[in-house]
Each structure stands twice: as C-alpha cells, then as structure tokens.
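Novice: Handing you a structure now.
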Amino acid sequence: MRVAVITFPGSNCDHDCYKALKVVPGFVPSFVWHGSSELGAVDAVFLPGGFAHGDYLRAGAIARFSPIMEAVQAFAASGGPVVGICNGFQVLCESGLLPGALLRNDTLRFRSHDVHIRVETEATPFTSAYRKGQVLRIPIAHGEGNYHADPETLAELEGEDRIVFRYVTSTGQLGEGSNPNGSAHNIAGIVNASRNVIGMMPHPERAVESVLGSTDGRGLFESLSRHLASRAA
Amino acid sequence: MNRFQLEVRIKPRPGLLDPEGKAIHHALDSLGFEGVDDVRVGKLVDLQLEAPSEEEAIERATQMCRKLLANPVTENFRITVANEPSDGGRPA
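Protein chains in written order, with the numbering used here: chain A, 14 to 246; chain B, 457 to 548.
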C-alpha cells in the first residue's frame with residue numbers, strides 16, 4: 014500500500030508520518046514535494062504537521078494553493094483516503110475539503126503536551142480498529158487548533174456522525190479541563206461527508222511506539238491499513 | 457493603466473471569539489485605560505496594483521480577498537482606495 018506524505022516548505026512532521034508508516038506493517042511511504050503536480054500511483058495521502066509557508070496570512074492559507082493540492086483534491090474527490098494532521102488539518106479546512114476553520118487557541122498559548130481524546134465513531138477508514146468511546150492519549154502541538162464552524166455546520170457534523178475525535182478528560186468526560194484550545198463541541202478531528210478525508214489536531218504519528226510514550230495512535234494506521242486491504246480484495 | 461494603492465482591512469467576524477483582542481483588552485484595563493468596550497485585532501494588507509480604473513482595481517482586490525486574503529468562515533474584509541492614481545494619470 015503506497016502512501017504519499019506531502020512535504021511543504023515548513024512541514025516538520027513529514028518524517029514522523031513517514032516513520033509511523035514504516036512502523037505499522039503494510040505501508041510503503043514516500044515523500045512528495047508540494048511543488049509537484051502529480052501524486053503518482055498511491056493508495057492514501059498524508060498532509061503532515063508543521064508550519065507550511067511559515068503559516069503566513071493564516072495557517073494553511075498559502076499551502077492550499079501549492080501545485081500538489083490540485084492532485085490531492087482530485088484524489089479525495091475520487092474517494093482516496095486523505096489524512097491531515099495538525100497543519101495538515103488546517104490546510105484541509107483552508108482548501109475546502111473539510112468545513113470550518115482553526116483559530117488561535119483560546120488560551121493564546123502554543124499547547125504542546127499529551128491530551129486525551131475520545132473515539133466518537135468507528136465508521137471511518139481511520140478508526141475501525143478502535144472502539145467507539147475508547148479514550149486515547151496522544152500529543153498535541155499547536156497554537157491554532159481552536160476548531161470553529163457556524164452552528165449549521167456543527168449540527169451537520171453532529172447529525173452525520175462526522176466528529177471523529179473529541180477532547181476529553183483522562184476518564185473520558187467532557188467539561189472542565191478537557192478542552193485544550195477552545196474548540197467548538199470539543200472537536201479534535203472530523204471527516205468530510207463521504208468519510209474519506211480526515212483532519213485532526215492531535216498527532217497519532219507521534220504515538221505509535223512505546224518508546225514515544227504512547228501507542229494509542231497506531232489504531233489510525235491499522236484502521237487505514239485494514240481499509241486499504243479490504244478495498245484491494 | 458493606472459497604479460492604485462488599496463488598503464484591505466481584514467477583521468474577525470462579529471461574535472467570533474478573538475482571544476488576541478481579549479488579551480489586549482485585559483492589558484489596556486490593567487494599564488488603567490478606562491472605558492474600552494471591546495478590542496478586535498485584524499490585519500491590514502497594502503496592495504499596490506495596476507488597473508484600468510478604480511472600479512476594476514477594487515474588483516480585482518475583492519477577488520483576491522475571496523480567494524486568498526480573507527477566510528470567509530472567520531473573517532470579514534473591507535477595501536479602501538488609499539490614493540489617487542499616480543502613474544501617468546488618466547487617459548485623455
């Protein structure tokens with residue numbers, strides 16, 4: 014299963030994604046430079062974290078016009094799985110592949126620490142290896158992760174089971190102390206209407222080996238591997 | 457073609473939480489500046505461009521805002537002409 018990891022100028026989690034895709038069996042990752050206009054024959058695409066184009070103007074605003082993004086749009090439109098992590102989530106929102114926007118954290122601080130997130134749905138290519146309600150411990154590292162969307166969009170996300178992860182306390186509860194950045198409805202990750210594009214602020218690629226402190230992110234990669242295998246069968 | 461200098465003001469949409477504005481508001485309060493009701497922080501983009509007319513210049517800047525400069529989910533924008541056309545004047 015071939016996976017493209019897109020490198021923008023300023024990406025800094027592209028190697029983490031690449032490494033995670035090596036650690037979890039079944040993937041053959043390769044880097045694709047943002048200036049390329051072709052993805053090649055790949056089965057999935059990762060938009061990694063970092064500060065593409067220095068986050069100038071708005072995080073992801075300039076990256077979305079990188080030449081490769083046209084190919085990513087086409088790949089997503091054809092049903093190909095696309096994973097945007099952190100800055101990758103911001104790029105997906107700016108490009109319109111996902112609704113809403115990511116604002117400055119309400120604390121005004123760059124938050125870099127582990128958080129707990131709850132799996133809200135198993136019905137995506139990215140979460141089938143988890144249980145609904147399962148609480149994961151996964152790191153975040155962002156200054157602009159405060160998910161915002163208008164009330165209609167939020168109702169749509171809720172109604173269509175498109176909120177994939179929510180920030181929770183260590184015991185899986187919403188409320189006091191659970192939300193690190195002010196995100197609406199404690200949203201940490203969402204999928205598009207056809208469920209093949211996911212954006213999330215936490216970093217599953219940094220939680221795939223016990224030496225990293227947590228292996229809770231592995232499930233996302235295992236889910237994707239399972240999904241691609243079943244599609245190929 | 458005439459050269460125009462446009463100012464594009466981009467502001468967080470009304471009602472949208474603006475933590476940066478809030479932090480500045482707090483700082484102003486603690487410095488003793490009284491009567492500040494609200495603080496919102498946006499961006500100012502200076503654009504210099506050539507266009508056949510002012511109308512056309514504003515139209516082009518509007519397209520730029522819609523496509524890149526402002527995010528319609530979170531921001532509003534306003535375009536003003538900062539100067540009279542300078543280069544060569546208007547065609548006779």
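C-beta: ideal position from N, C-alpha, C; glycine also.
For N199(A), write down the residues that DSSP places opposite it in a beta bridge.
Specialist: Along the first sequence, read from residue 1 onward, the residue named residue 199(A) stands at position 186. Note: N199(A) sits in no beta bridge, so no partner.
Novice: Quick one: which chain A residues come within Cβ less than 8 angstroms of L500(B)?
Specialist: Counting from one through the second sequence, the residue named residue 500(B) turns up at place 44. The contacting residues do not exist; L500(B) stays about 13 angstroms from chain A at best.
Novice: Is the beta carbon of D502(B) closer than 9 angstroms to that of V464(B)?
Specialist: The residue you call residue 464(B) lines up with position 8 of the second sequence. The residue you call residue 502(B) lines up with position 46 of the second sequence. Contact flag set, yes.
Novice: Which partner residues does H28(A) have in the DSSP bridge list?
Specialist: The residue you call residue 28(A) lines up with position 15 of the first sequence. Answer is none; H28(A) lacks a bridge partner.
Novice: For the region 483-497 of chain B, list every residue whose C-beta sits within 8 angstroms of some C-beta in chain C, in sequence order.
Specialist: Given the protein chain composition of this structure (A and B), no chain C is represented.
Novice: Check whether the Cβ of G23(A) lies closer than 9 angstroms to any Cβ atom in chain B.
Specialist: The sequence position of residue 23(A) within the first sequence is 10, counting from 1. Output row for G23(A): interface = no.
Novice: In its own chain, which residues sit with a C-beta less than 8 angstroms from the C-beta of T228(A), not counting the 5 before and 5 after it?
Specialist: By 1-based counting over the first sequence, the position of residue 228(A) is 215. Once the five neighbours on either side are set aside, the close Cβ partners of T228(A) are A220, V221, E222.
Novice: Residues of the region 166-196 of chain A with a CB closer than 8 angstroms to any CB of chain B: list them in chain order, please.
Specialist: Taking 8 angstroms as the Cβ-Cβ cut-off against chain B, the residues of the region 166-196 of chain A that qualify are G195.
Novice: Which two residues bound the contiguous alpha helix (DSSP H) that contains P468(B)?
Specialist: As a first step, residue 468(B) must be located in the second sequence, where it is residue number 12. Here P468(B) belongs to no alpha helix (DSSP H); instead the beta strand (DSSP E) covers 458-468.
Novice: Between the alpha carbons of F533(B) and L524(B), how many angstroms are there, rounded?
Specialist: What you label residue 533(B) is simply residue 77 of the second sequence in a count that begins at 1. What you label residue 524(B) is simply residue 68 of the second sequence in a count that begins at 1. Going from the Cα of F533(B) to the Cα of L524(B) covers about 12 angstroms.
Novice: Looking at the structure shown, is D163(A) part of a helix, part of a strand, or coil, going by DSSP?
Specialist: Translated into positions along the first sequence, residue 163(A) becomes position 150. In this structure, D163(A) counts as coil in the three-state DSSP scheme.
Novice: Inspect the beta-carbon positions of P61(A) and C99(A) and report whether they are closer than 9 angstroms.
Specialist: Here residue 61(A) corresponds to residue number 48 of the first sequence, with the count starting at 1. Here residue 99(A) corresponds to residue number 86 of the first sequence, with the count starting at 1. Taking 9 angstroms as the Cβ cut-off, P61(A) and C99(A) qualify as a contacting pair.
Novice: Suppose the cutoff is 6 angstroms on Cβ atoms and the five residues either side in sequence are ignored; what does the same chain contact list for A76(A) look like?
Specialist: For the purposes of this step, residue 76(A) is taken as the residue at position 63 of the first sequence. Taken in chain order, the residues that qualify are F21, A65, H66, V104.
Novice: Per DSSP, what kind of secondary structure is E506(B) in: helix, strand or coil?
Specialist: On the second sequence, residue 506(B) is found 50 positions in, with the first residue counted as 1. In the structure shown, E506(B) sits in a strand (DSSP, three-state: E or B).
Novice: Any Cβ of chain B within less than 9 angstroms of the Cβ of H126(A)?
Specialist: Residue 126(A) sits at position 113 when you count from the first residue of the first sequence. Answer no: the Cβ-Cβ gap between H126(A) and chain B never drops below 9 angstroms.
Novice: Show which residues of chain A have a CB atom less than 8 angstroms away from the CB atom of T530(B).
Specialist: Position 74 of the second sequence, counting from 1, holds the residue named residue 530(B). Chain A residues near T530(B): A114, L116, H161.
Novice: Mapping DSSP to helix, strand and coil, what is S238(A)?
Specialist: As a working note, residue 238(A) is residue 225 in the first sequence. In this structure, S238(A) counts as helix in the three-state DSSP scheme.
Novice: So, does the region 199-212 of chain A touch the region 493-513 of chain B, judging by three or more C-beta pairs under 8 angstroms?
Specialist: Not touching, per the Cβ criterion.
Novice: Out of curiosity, what's the CA-to-CA distance linking G471(B) and R71(A)?
Specialist: Here residue 471(B) refers to the residue found at position 15 of the second sequence. Here residue 71(A) refers to the residue found at position 58 of the first sequence. Using only the alpha carbons, I get a separation of about 19 angstroms.
Novice: So, is G545(B) buried or exposed, given that buried needs 16 or more other C-beta atoms within 10 angstroms?
Specialist: Numbered from 1 along the second sequence, position 89 holds the residue referred to as residue 545(B). At G545(B) the pLDDT is 49, less than 50, meaning the model places this residue with poor confidence and gives no usable figure here.
Novice: At a CB distance below 8 angstroms, what residues from the region 502-525 of chain B approach chain A? Give them in sequence order.
Specialist: Residues passing the 8 angstroms Cβ filter: L524, L525.
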